[in-house]
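Participant: The UniProt record's numbering numbers the first residue of the sequence shown as 1 and each following residue consecutively.
Note that the Cβ used here is the ideal one computed from N, Cα and C, for glycine as well.
Quick caveat: nothing in here was measured; it's all calculated off a predicted structure.
Here's a structure for you.
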Amino acid sequence: MNKSLRSRAHRVLIQELKSARHSAGLSQQDVADILGVPQSYVAKIELGERRIDVVEFLQMVEAVNGSWTEILDLVASAKK
């Protein structure tokens, strides 16, 4: 199993999270404020410097009013 931060699936994941944030009209600081974390936490995720677990993923998706199912479908497609 490839655990690289640079895998295609991981790149799709962070791109979709970033896209969902933009679609919601939120800045990294806005998301950080909602989550109660520093802005650098969001930035590191979006830059691919930090992996997130499933709980963090769901919190982030909820913060941007995104669809976790749509994002995971795109990630799964990237693995094919």
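Let's see if you can read the secondary structure: which residues bound the alpha helix (DSSP H) around Ala9?
Facilitator: Residues Arg8 to Ser23.
Participant: Which same chain residues end up closer than 8 angstroms to Leu58 when comparing Cβ atoms and leaving out the 5 residues on each side of it in sequence?
Facilitator: Closer than 8 angstroms at Cβ, skipping near neighbours: Trp68.
Participant: Please confirm whether Val12 and Ala63 have their CB atoms less than 9 angstroms apart.
Facilitator: For Val12 and Ala63, no; Cβs fall outside 9 angstroms.
Participant: Taking C-alpha atoms, which residue in Leu35, Gly48 and Asp73 lies nearest to Val55?
Facilitator: Considering only alpha carbons, the answer is Leu35.
Participant: In whole angstroms, give me the CA-to-CA distance for Ile71 and Ile52.
Facilitator: Their Cα atoms are separated by approximately 14 angstroms.
Participant: Less than 6 angstroms between C-beta atoms, sequence neighbours within five positions excluded: which residues of the same chain meet that for Ser27?
Facilitator: So the list is empty, once near-sequence residues are dropped.
Participant: Can you tell me whether DSSP reads Asp53 as helix, strand or coil?
Facilitator: Three-state result, Asp53: coil.
Participant: Leaving out five residues before and five after Gln15 in sequence, what residues of the same chain have Cβ atoms less than 8 angstroms from its Cβ?
Facilitator: Nothing meets the Cβ criterion.
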